[in-house]
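Structure first, commentary second.
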Amino acid sequence: MTVAPLVSEGAAAVPDASYALAVDCPDGAALIPDGSAPAREIPELEVVDGIVLAIHGGAGTIRRDAMTPELDAAYRATIADALLRGHRVLMNGGRAADAIEAAIHPLEDSPLFNAGRGAVLTDQGTVEMDASIMLGRSGLAGAIAGAKTVRHPISAARAVMEKTEHVLLSGEGADRFAAEQNLEAMPAEWFVTPHRLRQLELLREQSGDEVGALSAPDRRTGESSLERALGPDHKFGTVGCVALDQEGHLAAGTSTGGMARKAWGRIGDSPIIGAGTWADDRTCAVSCTGWGEFFLRKAIAHQIHGRMLYGGAGIGAAARETVLEELPKGGGSGGCIALDSAGRLAAPFTTPGMYRGWVDAQGRVTVRIYGDERR
Numbered sequence: 001m002t003v004a005p006l007v008s009e010g011a012a013a014v015p016d017a018s019y020a021l022a023v024d025c026p027d028g029a030a031l032i033p034d035g036s037a038p039a040r041e042i043p044e045l046e047v048v049d050g051i052v053l054a055i056h057g058g059a060g061t062i063r064r065d066a067m068t069p070e071l072d073a074a075y076r077a078t079i080a081d082a083l084l085r086g087h088r089v090l091m092n093g094g095r096a097a098d099a100i101e102a103a104i105h106p107l108e109d110s111p112l113f114n115a116g117r118g119a120v121l122t123d124q125g126t127v128e129m130d131a132s133i134m135l136g137r138s139g140l141a142g143a144i145a146g147a148k149t150v151r152h153p154i155s156a157a158r159a160v161m162e163k164t165e166h167v168l169l170s171g172e173g174a175d176r177f178a179a180e181q182n183l184e185a186m187p188a189e190w191f192v193t194p195h196r197l198r199q200l201e202l203l204r205e206q207s208g209d210e211v212g213a214l215s216a217p218d219r220r221t222g223e224s225s226l227e228r229a230l231g232p233d234h235k236f237g238t239v240g241c242v243a244l245d246q247e248g249h250l251a252a253g254t255s256t257g258g259m260a261r262k263a264w265g266r267i268g269d270s271p272i273i274g275a276g277t278w279a280d281d282r283t284c285a286v287s288c289t290g291w292g293e294f295f296l297r298k299a300i301a302h303q304i305h306g307r308m309l310y311g312g313a314g315i316g317a318a319a320r321e322t323v324l325e326e327l328p329k330g331g332g333s334g335g336c337i338a339l340d341s342a343g344r345l346a347a348p349f350t351t352p353g354m355y356r357g358w359v360d361a362q363g364r365v366t367v368r369i370y371g372d373e374r375r
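Those letters in the sequence shown? Residues 1 to 375, per the UniProt record's numbering, in order.
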């Protein structure tokens, strides 16, 4: 891909101090009493101001030494394009939910990300896609889980929100509902990419007949058994977007293929309101990425909201305390993007990298991938 991302040289970047939490822990480092994470000081999380839309494309073992220049450029260009699509909608007076759909669609169509086409494969070699969306103004939300044919799961989630009295539809019913709403469907083979087939083959070689059983992330590396099996290019990926429209309303959306080689109809945090997605105009819009079970157990997205609404924390402190402190206590890893109604953005993560980007009202785009990227 030859399109270069538009990166604002003067834009403030979120310092990724969270990297120190998950990796490079010295031997003999003190542990938090439950033994789940190193008890070392976590620097304050800085916040980027003036942001109207932000995206993440998954957090995990994303390292510079495992990325070719061409692949690095492709990730950055795709994220930048998605940011500008969402920004264009907002600048034309569109609602936050409109911008989220516009930004997530190209990520769902890109084989680079674990959502839509390019989603990871189940143990049966198929895709099962999840998505959710929530409005900060009204608290309305919609989600789908286990869909197999709808091209843009985020649009199906929005249709659930707008066209039904329900919040979550699953499986065949979700696909049937999407078809009734005239949302584009694709044959199952369209979603399956050669890269994901190779990943599934590698997982089967590594773990044989055992499915659904994965080790917790290693304290020293932040990697799970799944990540070690798939290699350094793998992430527990989702794609997500948070947006602030010209009327001052927030929205959040998340879309994913879930966990590679998942079985038994496993559903993670992405389609669950409060775990993987949250929006409330009084506080923030949040989209999460990581090992979903841990986000589910701790209701991570809602925790950030709660720390702001009930504890009076700002967006930076709320995101820091939830993602960098609370999440690792249970053995979890991952990150999020969190945007408040004043346009302040926090993007903490506990892993070596997280695909992420943001755009301000003037259209200045910043894209980051690795944990060591600074302004």
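C-beta atoms are modelled at their ideal positions from N, C-alpha and C, and glycine is treated no differently.
Fair warning: this is a prediction, and the values are worked out from it, not measured in the lab.
When the options are compared against residue i, the one with the closest alpha-carbon
| i | options | result |
| --- | --- | --- |
| Gly312 | Ile79, Cys284, Arg117, Pro271 | Cys284 |
| Arg76 | Leu345, Ala361, Ser110, Pro348 | Ser110 |
| Phe191 | Asn114, Arg368, Val367 | Asn114 |
| Gln199 | Glu189, Thr351, Arg261 | Arg261 |
| His56 | Arg344, Leu309, Gly268, Ser255 | Ser255 |
| Asp65 | Val367, Gly353, Asp360 | Gly353 |
| Ala80 | Gly265, Leu339, Val359 | Val359 |
| Leu169 | Leu244, Ala145, Ser155, Val150 | Ala145 |
| Glu162 | Ala299, Ala346, Asp245, Ala97 | Ala97 |
| Ile369 | Val52, Asp49, Arg63, Glu46 | Arg63 |
| Ala361 | Ile304, Ala188, Val89, Glu46 | Val89 |
| His249 | Gly139, Thr193, Ala82 | Gly139 |
| Val365 | Ile51, Val47, Glu46, Leu45 | Ile51 |
| Glu101 | Arg196, Gly240, Asp372 | Gly240 |
| Leu83 | His166, His105, Arg320 | His105 |
| Glu184 | Gly171, Ala156, Arg204 | Ala156 |
| Val87 | Thr68, Asp372, Gln246 | The question names Val, yet the displayed sequence has His at residue 87. The residue with the shortest Cα to Cα distance from His87 is Gln246. |
| Leu203 | Met259, Glu373, His152 | Met259 |
8 Å contact criterion, which residue i and residue j should meet: CB distance rounded
| i | j | result |
| --- | --- | --- |
| Leu112 | Ala74 | 6 Å |
| Ala178 | Ala143 | With a Cβ gap of about 12 Å, Ala178 and Ala143 do not count as contacting. |
| Asp130 | Gly237 | The pair is not a contact, with the Cβ atoms about 12 Å apart (cut-off 8 Å). |
| Gly330 | Arg297 | 6 Å |
| residue 414 | Thr351 | Lying before the first or after the last residue shown, residue 414 is absent from the chain, which here runs from 1 to 375. |
| Thr122 | Ala263 | 7 Å |
| Gly253 | Ile154 | 5 Å |
Distance cut-off 7 Å: residue i Cβ against heavy atoms of the ligand MN
| i | result |
| --- | --- |
| Gly253 | Only the bare structure without any ligand can be found here, which leaves the ligand MN out of the picture. |
Check whether residue i and residue j have beta carbons under 8 Å apart
| i | j | result |
| --- | --- | --- |
| Thr289 | Gly363 | no |
| Met134 | Ile273 | yes |
| Gly357 | Ala54 | yes |
| Ser341 | Ser132 | no |
| Ala318 | Ala279 | no |
| Arg85 | Ala59 | no |
| Gly292 | Gly306 | no |
| Arg117 | Glu128 | no |
| residue 378 | Ala99 | A question about residue 378 goes unanswered here, because the residues of the chain that appear run from 1 up to 375. |
| Gly94 | Asp281 | no |
| Leu327 | Phe294 | yes |
| Gln124 | Ala159 | no |
| Val120 | Leu345 | no |
| Ala347 | Val286 | no |
| Arg320 | Leu45 | yes |
Start and end residues, beta strand (DSSP E) containing residue i
| i | result |
| --- | --- |
| Met129 | 129-135 |
| Tyr370 | 365-370 |
| Trp264 | Run containing Trp264: none; DSSP gives neither H nor E here. |
Counterpart residues of residue i in DSSP-defined beta bridges
| i | result |
| --- | --- |
| Ile51 | Asp360 |
| Trp278 | Val286 |
| Leu345 | Val48, Leu339 |
| His56 | Gly240, Arg356 |
| Val150 | Ala185 |
| Gly316 | Gly316 is not bridged to any residue. |
| Ala143 | Ser132, Leu168 |
| Thr334 | Inspection of the sequence shows that residue 334 is occupied by Gly rather than by Thr. Answer is Gly290. |
| Ile273 | Thr277 |
Boundaries of the alpha helix (DSSP H) in which residue i is found, first to last residue
| i | result |
| --- | --- |
| Trp190 | 188-191 |
| Gly253 | Premise fails: Gly253 lies in the beta strand (DSSP E), 250-256, not in any alpha helix (DSSP H). |
| Ser203 | The question names Ser, yet the displayed sequence has Leu at residue 203. Leu203 -> alpha helix (DSSP H) spans 194-207. |
| residue 397 | This structure gives no information on residue 397, because the portion of the chain shown stretches from 1 to 375. |
| Leu168 | Unbroken run through Leu168 is the beta strand (DSSP E), 168-170; no alpha helix (DSSP H). |
| Gly306 | 300-309 |
| Asp98 | 96-109 |
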